[in-house]
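Let me begin by presenting the structure, written as structure tokens, before commenting on it.
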Amino acid sequence: MVQKIMKNLLIFRLVTRFKNSLFFLCKGFAYNIHIKHFHANKYNFLIRLLMRMIG
């Protein structure tokens, strides 16, 4: 029983870490696009990216 809980915790932590690094990767990617192109709909792109990650 305890082992199962520990295993679930470990998996949860790994998933959380993975999602966080994915989020930072996307943020960095968006930031690079933002610097290179600097077009007007950059905020729309960021919001859409955020919505996709939350949803």
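Numbering (this note's numbering), first residue to last: 11 to 65.
In this text, a Cβ means the ideal position worked out from N, Cα and C, and glycines have one as well.
Beta-carbon contacts of Leu102 that lie in its chain and below 8 Å, excluding the five residues immediately before and after: Any question about residue 102 goes unanswered here, given that the chain covers just 11 to 65.
Determine the contact status of Met63 and Phe33, defining contact as a CB-CB distance below 8 Å. Here residue 63 refers to the residue found at position 53 of the sequence shown. Here residue 33 refers to the residue found at position 23 of the sequence shown. Taking 8 Å as the Cβ cut-off, Met63 and Phe33 qualify as a contacting pair.
What is the DSSP secondary structure of Met16, counted as helix, strand or coil? Counting from 1 along the sequence shown, the entry for residue 16 is found at position 6. Correct three-state label for Met16: helix.
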